[in-house]
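With our numbering applied, the sequence shown corresponds to residues 1187 to 1791, in that order. Note that beta-carbon positions come from the ideal geometry of N, C-alpha and C, so glycine has one too. Since we're looking at a predicted model, the values are computed, not measured. What follows is a set of notes on a single structure, which appears directly below.
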Amino acid sequence: MKRAEEVPGITVSFSIKFPFLMWFKNYSKEGFIRDLIAGITVAAVYVPQSMAYAMLAGMPPIHGLYVAFIATIVAAIFGSSRYLNTGPVAMTCLLSASVLYGIGFEPQTPEWIKYMALLALMVGLIRLTVGLFKLGFIVDLISNSVVVGFTAAGALVIALSQFKHFFGYEVKSSTHIFEVVMDLVSKIEMTNPYTLAIGVLAYFLIWGSRRISVYLPGALIAVVVTSLLVYWYKLYDKGVAIVGEVPQGLPSPEPPPLDFAMMSKMWGGAFVVAFFGLIEAVAIAKTLAIRVGDKWDPNQELIGQGLANVAVSFFKGFPAGGSFSRSSLNFALGAVSPLASVISGALVGLTLFLFAPAFYYLPKATLAAIVLSAVVNLIRPQDILKLYRINKIDGVVAGLTFLSVFFMDLWVAITLGVLLSLGSFVYKTMYPRIVTLTRDPVTRTFVNAEKRGLPECPQIMFIRPNMSIYFGNAQYVYDYIMNKVEDALFNGRPLKFVLIDMEAVNYVDATGAETIVRLVKDIKQKGVEVAFANIGCDVYPILENAGFDEVVNQDLVFNAKGEAIGKLFEKLDHDYCREKCPYAVFDECLEVKPPEKVQELKKAS
C-alpha cells in the first residue's frame, strides 16, 4: 500500500482540512527561532490583555486566559493564515456582552457565565457552517460604512464602560451610552483617588512603552508595577478593587446548556457577533497575506474560527475573534508559521497552570487601562465625515449606525446598520443613473451632456443606463427613456434615432429583457428608430430569447459608440444638419455643413 503522500491528491486534501500538516514543509531552524520570538513576545502582551477583555465581556478576568489558551491554539491549527492570532478581542467582547445585557442578565453571575458559553457555541457553529459550506461571501453584506460607524461608536462605549474601574465606583451595567454617562456623572463625587491614580499610572506606562518601542510589553509592565504597588501599600484596604482569588488551571470540560428557549432569544445576537467577528478576522488575514504575497483560504479561516469558539464553549469561555494588534505583532516580528500563535497560546496556558495566583493583587483599574489603551484610537468620528465626502449615502448609513448605538443594544444597532446599507443599495439599483451622451468638442470623447452643459444632436438621442437592468429597475428605465423621448417630440425636436449604449449593462433578467423589447416597440410607434451599441456577450442571448431580434434591425446593433454614430449619421436628414442645426456635435457634422459655417463652429469651439 502506498503512503498517503504517494497517493495523488491525498496530501493536498488533508492540508486543506488540516493545514497544520503543511507547516513544516521547508521549515528551518531559523524559522522556528522567529516563531519562538514572536510567540513569546505576543504572549507577554496577551496575558494581561485577555484578562482585561474578559471584564469587557462581563466575565471574571481568569476566563480571558481560558479563551486565550484554547482559542488561539485551535484557530492556528485549523486556520490558513500564518499571522492571525485568535482570542479575546474588544469589539467581539462588547457585542457578546450586549446580547446578554439585552436579555436581562447581570455580568459575572453564574447565569451570565453559563449563557456566555452557550453564545460562544452558537457563534462557533455559525462560523463553522459558513466555512464548511464556503459561504464566506455573506460577510460582504456588512458594508464598510456599517463597520466604520459601529467601530467608532463601539470604541466609545468600551471606553465609557471602563471608567467605573478607573474611578472606583459602580456604574449601571448597560451598553447604552446615555445611560452609562448619566450614571457615571451623577456619582463622580464617589471617585476613589487611589483607584484613579493606579488607573492613570497604568495607562501612561502602556502609552510610554509604545512610544519607546512597539515590542515593549507595556501592558505586562503595567500589571507588574501596579500589582506590586497594591501589595506593598495595601491599597486594597483603601478601596482599590483587585482581581482576588484566581483558580489555577482549566475548569473541567462541560458542555454549554442546550436551553432552546434561551437560544431562540440569542440567535439574532449570535449571528451579529459571528459575522462582525468574521469581517475582522477575514480583513486582518487578507491584509497581512497580501503584504507578503501569501495564499490563504478565507473559508478555511472561518472553519478555524468556528472550531475555536466551539472549543472554548466547553471551558466556560466567551466568543473569540481575530485580533489586529496581536496579528500585526506576529507579522512585525517575522513569524514564519501559525506555530507562533500556538506558542503564544501555550505560554498563556503555562501562566494559567503555574502563575494564576500571582494575579491576586492585580488592580481592575489596570485591566481597564489596558482596554482603554487598545480602543482609544478607534474613536474616529472623522472617518464618518470622510465617508460622507466620498459618498453621501454611505456617510449617512455610517452616521446613523453610530447614532443608533446611543439608543439601542449594540447588536441591534449593527442589524439596523446592515438593513440601512442593504436598503440604500437596493434603492440605488432601483433608480439607476441614466445619462445623455454627447461628444466633447475638445477631447472628442463621449461625455455626460447635461453635466457638462454641452449640446446634443437634435436627431440622435444618445442614452446610457449606468447599471444592469432587472425586475427592480426595469420599469424605471422604461419610464425615464420613454418620458425623455415624448418630451423631445412634444417640443418639436426632429428626433430620428434613440441610441442606447449598453456598455454599463452587465446583466439583464427576464423582466429587464422584456421591458427593453417593449420600450423599443413603443418608441418605434412614435416614428423613432432605436439603435444599440456595446451589448455584452452575456446580455445579448437573454435579449434574443425575449424577442429582441424581432423588433430591432440588425443594422441598428453596433459594437462601438463611434461605429454607431457613423452609421446612424448616414441616415439623418442632412438638409436639416446644413440649414437648421446650429451645432457640430459629431465629427461627421462638419462634412455636410457649408464652409463658412464650419469656420464659425471651429472658432466657437
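DSSP three-state call for residue i: helix, strand or coil?
i: glutamate 1715; result: strand
i: serine 1509; result: strand
i: valine 1275; result: coil
i: asparagine 1634; result: strand
i: phenylalanine 1861; result: Beyond the ends of the chain as shown, which are 1187 and 1791, falls residue 1861; an answer cannot be given.
i: arginine 1566; result: coil
i: arginine 1189; result: With a pLDDT of only 36 at arginine 1189, under the threshold of 50, the placement of this residue in the model should not be trusted, and no figure is reported.
i: proline 1549; result: strand
i: arginine 1625; result: strand
i: valine 1771; result: coil
i: isoleucine 1721; result: coil
i: leucine 1681; result: coil
i: proline 1296; result: helix
i: arginine 1268; result: coil
i: proline 1651; result: strand
i: leucine 1387; result: helix
i: valine 1691; result: coil
i: valine 1426; result: coil
i: phenylalanine 1865; result: No statement about residue 1865 is possible, as the shown extent of the chain runs from 1187 to 1791 and does not include it.
i: valine 1316; result: helix
i: phenylalanine 1744; result: strand
i: isoleucine 1328; result: coil
i: leucine 1776; result: helix
Taking buried to mean at least 16 other C-beta atoms within 10 Å of its own C-beta, is residue i buried or exposed?
i: phenylalanine 1319; result: exposed
i: glutamine 1491; result: buried
i: tyrosine 1380; result: buried
i: leucine 1536; result: exposed
i: methionine 1647; result: buried
i: leucine 1415; result: buried
i: threonine 1629; result: exposed
i: tryptophan 1418; result: exposed
i: asparagine 1495; result: buried
i: tyrosine 1613; result: exposed
i: glycine 1394; result: exposed
i: arginine 1625; result: buried
i: glycine 1816; result: Lying outside 1187 to 1791, the shown extent of the chain, residue 1816 is not represented and no answer is given.
i: alanine 1447; result: exposed
i: lysine 1211; result: exposed
Can the beta-carbon of residue i be found closer than 8 Å to that of residue j?
i: lysine 1550; j: tyrosine 1252; result: no
i: tyrosine 1664; j: arginine 1704; result: yes
i: phenylalanine 1264; j: isoleucine 1489; result: yes
i: valine 1429; j: leucine 1548; result: yes
i: valine 1309; j: serine 1530; result: no
i: valine 1725; j: valine 1691; result: yes
i: methionine 1668; j: aspartate 1708; result: yes
i: methionine 1688; j: phenylalanine 1657; result: no
i: phenylalanine 1504; j: leucine 1281; result: no
i: valine 1468; j: glycine 1322; result: yes
i: valine 1716; j: isoleucine 1686; result: yes
i: alanine 1456; j: isoleucine 1312; result: yes
i: serine 1523; j: leucine 1307; result: no
i: isoleucine 1649; j: valine 1694; result: no
i: isoleucine 1792; j: proline 1543; result: In the structure displayed, the chain extends from 1187 to 1791; residue 1792 sits before or after that span and is not available.
i: serine 1284; j: leucine 1564; result: no
i: alanine 1238; j: isoleucine 1556; result: yes
i: threonine 1701; j: alanine 1506; result: no
i: proline 1641; j: valine 1738; result: no
i: valine 1367; j: threonine 1587; result: no
i: serine 1559; j: isoleucine 1392; result: yes
### Task
Indicate whether the contact test is met: 3 or more Cβ pairs, each with one atom in the segment 1239-1250 and one in the segment 1291-1300, closer than 8 Å.
yes
### Task
Could you say if the segment 1593-1601 and the segment 1628-1640 meet the contact criterion of at least three C-beta pairs nearer than 8 Å?
no
### Message
Check whether the segment 1318-1337 and the segment 1348-1359 are in contact - that is, three or more C-beta pairs closer than 8 Å.
### Response
no
### Message
Threshold first: 3 residues or longer. Then list the beta strand (DSSP E) segments lying entirely within the segment 1595-1623, N to C.
### Response
none
### Cβ contact check for the segment 1333-1341 and the segment 1519-1535: 3 or more pairs under 8 Å
no
### Message
Closer than 8 Å is the cut-off here; do at least three beta carbon pairs connect the segment 1473-1483 with the segment 1448-1460?
### Response
no
#### Entry: 4 or more residues per run - each alpha helix (DSSP H) lying fully within the segment 1347-1379
1363-1372
#### Entry: Residue ranges of each alpha helix (DSSP H) within the segment 1198-1251, 4 or longer
1215-1242
### Message
For the structure I just gave you, are there three or more beta carbon pairs, one from the segment 1572-1587 and one from the segment 1255-1275, closer than 8 Å?
### Response
no
### Query
Are three or more beta carbon pairs between the segment 1509-1518 and the segment 1330-1339 nearer than 8 Å?
no
### Message
Using a Cβ distance threshold of 8 Å, determine whether the segment 1217-1236 contacts the segment 1390-1405, with at least three qualifying pairs required.
### Response
yes
### Task
Please confirm if the segment 1747-1760 is in contact with the segment 1637-1646, defined as three or more CB-CB distances below 8 Å between the two stretches.
yes
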